[in-house]
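Engineer: Counting from 0, one number per residue, gives the positions in the sequence shown under numbering that gives the first Met the number 0.
Here a beta-carbon is modelled for each residue, glycine too, at the ideal position from N, C-alpha and C.
Take this structure first; my questions come after.
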Amino acid sequence: MNKSDLSQSEPLFERALKVAPGGVHSPVRSFKGLERAPIFFKSAKGAYLTSVDGVKYIDFCQSFGPLILGHLDEDVKVKVHEMIDTAWSFGACEPYSLELAEFITAQIPFVEKVRFVSSGTEAVMSSLRLARAYTGKTKVIKFDGCYHGHVDSLLVKAGSGLAGLSAASSAGVSQAVAEETLIAQLDDEAGLERIFQEWGHDIAAVIIEPLPANYGLLIQRKDFLKKIKSLCAKHKSLFISDEVISGFRVSLTGMSGDWLLEPDLVCYGKILGGGFPVGCYGGRKEIMDFVAPLGPVYQAGTLSANPIGMRAGLETLKKMVALNGWQTLNERTSYFVKQLKPFLLAKNLDISHFASLFWIHERVSDSKPIREITSIPQGQGEKFKTLFLKLLDEGVYLAPNAYEVGFLSLAHTDEVLDLAIQKITKVLSEMK
Ligand SMILES: *Cc1c(COP(=O)(O)O)cnc(C)c1O
Numbered sequence: 000m001n002k003s004d005l006s007q008s009e010p011l012f013e014r015a016l017k018v019a020p021g022g023v024h025s026p027v028r029s030f031k032g033l034e035r036a037p038i039f040f041k042s043a044k045g046a047y048l049t050s051v052d053g054v055k056y057i058d059f060c061q062s063f064g065p066l067i068l069g070h071l072d073e074d075v076k077v078k079v080h081e082m083i084d085t086a087w088s089f090g091a092c093e094p095y096s097l098e099l100a101e102f103i104t105a106q107i108p109f110v111e112k113v114r115f116v117s118s119g120t121e122a123v124m125s126s127l128r129l130a131r132a133y134t135g136k137t138k139v140i141k142f143d144g145c146y147h148g149h150v151d152s153l154l155v156k157a158g159s160g161l162a163g164l165s166a167a168s169s170a171g172v173s174q175a176v177a178e179e180t181l182i183a184q185l186d187d188e189a190g191l192e193r194i195f196q197e198w199g200h201d202i203a204a205v206i207i208e209p210l211p212a213n214y215g216l217l218i219q220r221k222d223f224l225k226k227i228k229s230l231c232a233k234h235k236s237l238f239i240s241d242e243v244i245s246g247f248r249v250s251l252t253g254m255s256g257d258w259l260l261e262p263d264l265v266c267y268g269k270i271l272g273g274g275f276p277v278g279c280y281g282g283r284k285e286i287m288d289f290v291a292p293l294g295p296v297y298q299a300g301t302l303s304a305n306p307i308g309m310r311a312g313l314e315t316l317k318k319m320v321a322l323n324g325w326q327t328l329n330e331r332t333s334y335f336v337k338q339l340k341p342f343l344l345a346k347n348l349d350i351s352h353f354a355s356l357f358w359i360h361e362r363v364s365d366s367k368p369i370r371e372i373t374s375i376p377q378g379q380g381e382k383f384k385t386l387f388l389k390l391l392d393e394g395v396y397l398a399p400n401a402y403e404v405g406f407l408s409l410a411h412t413d414e415v416l417d418l419a420i421q422k423i424t425k426v427l428s429e430m431k
């Protein structure tokens, strides 16, 4: 079979372009800037995706992280099928979300109550509203290089004027909304202190990805994250840990639990729904009780706590616990990275990783860890394009963007990884 055969995918993309902007329902899927039409996939199992053209790919995207057990896990599938035969949605009280909520609150010490929603974006958006209501303050600090979903007030970047001031990073976000967000730089304690000095009286919350993994993998120092917490405590602002990507990925209790970050609110998504649309925000009782119907913060959802997502998520987490899946994943990822690293270095590339997340990037001259976006090498986009396309032809699928990270799942067994290593090193050896 010709690995570059796109004879079925290409006409589908032509059709998709007519009915959806850019042919897609989320931008990165379009392969923009990669000089190739996106591949259409028809099925997936374990570590593999199969295209409509019948080509199999080892998948290191895993739907951008949710599928920690791999595609179509057999145990999760049983629970999903059972639920599909039982009910699809109640719009009423049911025991399924109760079980997942009890599981989370029993496992995660800083989460006493949760509210389920249908996406990570909704979780973040609702947590900001809650923080404003609870503190009676307005502004939110976000970090350049962190992604928190497509919430208006967080689609902002550093402005050109005074430190901390922001500008919209998407059309359609009003200046008034953008101004509610202040921008800080990752790994910069002094900068954050300056923003607090100036605006501390009106800062409702600081939100951060404790493991920033949406603009490369920008691993933070624990001390920096702890400093955020202490500044928040001092200024009576809430510390929101956005663990939509890292939660249940790095471990059961996530970065916030492992590093004892003591967030006031935490956001989850991705893995929590086991591949179905589920998000969640949670925290201490006294804060969460501000949410309707108990409190004054309105937040609702027709399909919230959808039972299929609740069952898939709970089974995913229980299975990870039963198998001690995180340890296996971390060991396999370390092995994978260690095998690839010398071949990447030889081509002036490098690989960073944390738990089962990895990111291939241009080599940094002084080999210092990349902790903020200004340290990301300039040639990142071009290098990635070459590597990505050659890997596709070899049957290895990375997330189709230079700034997206890769994920291992438990379905990436030693055999799958050895095959992937063989394919990747072959591609690297052929690269100039
Ligand atoms: C994916 C992600 C979101 C958004 O979640 P969606 O389900 O795509 O809305 C928010 N924050 C972080 C850290 C994410 O990785």
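Could you please give me the residues that DSSP links to Glu-361 through a beta bridge?
Structural biologist: By 1-based counting over the sequence shown, the position of residue 361 is 362. Glu-361 pairs with Leu-348.
Engineer: Could you tell me which residues DSSP puts in a beta bridge with His-147?
Structural biologist: On the sequence shown, position 148 is the one that residue 147 refers to. None; His-147 has no bridge partner.
Engineer: How about Gly-119: is its Cβ closer than 6 Å to a heavy atom in ligand 1?
Structural biologist: Here residue 119 is taken as the residue at index 120 of the sequence shown, counted from 1. At least one heavy atom of ligand 1 is nearer than 6 Å to the Cβ of Gly-119, so yes.
Engineer: Buried or exposed for Ser-117, please, with buried defined as at least 16 other CB atoms from any protein chain shown within 10 angstroms of its CB.
Structural biologist: Taking the first residue of the sequence shown as 1, we reach residue 117 at position 118. Classification of Ser-117: buried, given that the 10 Å Cβ count is 16 or more.
Engineer: On the three-pair Cβ rule with 8 Å, is the stretch 403-412 touching the stretch 56-71?
Structural biologist: At 8 Å Cβ cutoff, the stretches touch.
Engineer: Within 6 Å: the Cβ of Asn-213 and any heavy atom of ligand 1?
Structural biologist: Position 214 of the sequence shown, counting from 1, holds the residue named residue 213. Asn-213: yes, Cβ under 6 Å from ligand 1.
Engineer: Give the single residue among Asn-305, Arg-193 and Leu-181 whose Cα lies nearest to the Cα of Val-155.
Structural biologist: Taking the first residue of the sequence shown as position 1, residue 155 is located at position 156. Comparing Cα-Cα distances from Val-155 to each of Asn-305, Arg-193 and Leu-181, the minimum goes to Leu-181.
Engineer: Excluding the five sequence neighbours on either side, which residues of its own chain have a C-beta within less than 7 Å of the C-beta of Glu-13, listed in chain order?
Structural biologist: For the purposes of this step, residue 13 is identified with residue 14 of the sequence shown, where counting begins at 1. Around Glu-13: no qualifying Cβ.
Engineer: Closer than 6 Å to a non-hydrogen atom of ligand 1 - does that hold for the CB of Ile-140?
Structural biologist: In the sequence shown, the residue the question calls residue 140 occupies position 141. No - ligand 1 has no heavy atom lying nearer than 6 Å to the Cβ of Ile-140.
Engineer: Looking only at C-alpha atoms, which of Ser-126, Lys-41, Val-27 and His-24 sits nearest to Tyr-297?
Structural biologist: Residue 297 sits at position 298 when you count from the first residue of the sequence shown. That would be Ser-126, whose Cα lies nearest to the Cα of Tyr-297.
Engineer: In the DSSP output, what is Asp-241 paired with across the bridge?
Structural biologist: One-based indexing of the sequence shown puts residue 241 at position 242. Cys-266, per the DSSP bridge assignment.
Engineer: Kindly indicate the opening and closing residues of the alpha helix (DSSP H) around Tyr-47.
Structural biologist: Taking the first residue of the sequence shown as 1, we reach residue 47 at position 48. No alpha helix (DSSP H) holds Tyr-47; the beta strand (DSSP E) holding it covers 47-50.
Engineer: Using the DSSP secondary-structure output, state which residues sit across from Tyr-396 in a beta bridge.
Structural biologist: Counting from 1 along the sequence shown, the entry for residue 396 is found at position 397. Answer is Asp-58, bridged to Tyr-396.
Engineer: Is it right to say Cys-92 is buried, meaning 16 or more other beta carbons lie within 10 angstroms of its own, or is it exposed?
Structural biologist: As a first step, residue 92 must be located in the sequence shown, where it is residue number 93. Its Cβ having fewer than 16 others within 10 Å, Cys-92 is exposed.
Engineer: Out of Ile-423, Gly-272 and Gly-190, state which residue places its alpha-carbon closest to the alpha-carbon of Ala-311.
Structural biologist: Position 312 of the sequence shown, counted from the first residue, corresponds to residue 311. The shortest Cα separation from Ala-311 among Ile-423, Gly-272 and Gly-190 belongs to Gly-272.
Engineer: What distance in whole Å lies between the Cβ atoms of Lys-138 and Trp-198, which are believed to be in contact at a cut-off of 8 Å?
Structural biologist: Sequence index remark: in the sequence shown, residue 198 carries index 199 (1-based). Sequence index remark: in the sequence shown, residue 138 carries index 139 (1-based). Confirmed, about 6 Å.
Engineer: Is it true that the stretch 209-217 meets the stretch 72-79, where meeting means three or more beta-carbon pairs spaced less than 8 Å apart?
Structural biologist: Too few Cβ pairs lie closer than 8 Å, so no.
Engineer: For Lys-235, which of helix, strand or coil comes out of DSSP?
Structural biologist: Position 236 of the sequence shown, counted from the start, is the residue given in the question as residue 235. In this structure, Lys-235 counts as coil in the three-state DSSP scheme.
Engineer: What span of residues does the alpha helix (DSSP H) with Leu-154 cover, start to end?
Structural biologist: Counting from 1 along the sequence shown, the entry for residue 154 is found at position 155. Segment: none, Leu-154 is in no alpha helix (DSSP H) and carries neither H nor E.
Engineer: Touching or not, the stretch 312-320 and the stretch 269-286, by the rule of three or more beta carbon pairs under 8 Å?
Structural biologist: They touch, by the three-pair rule.
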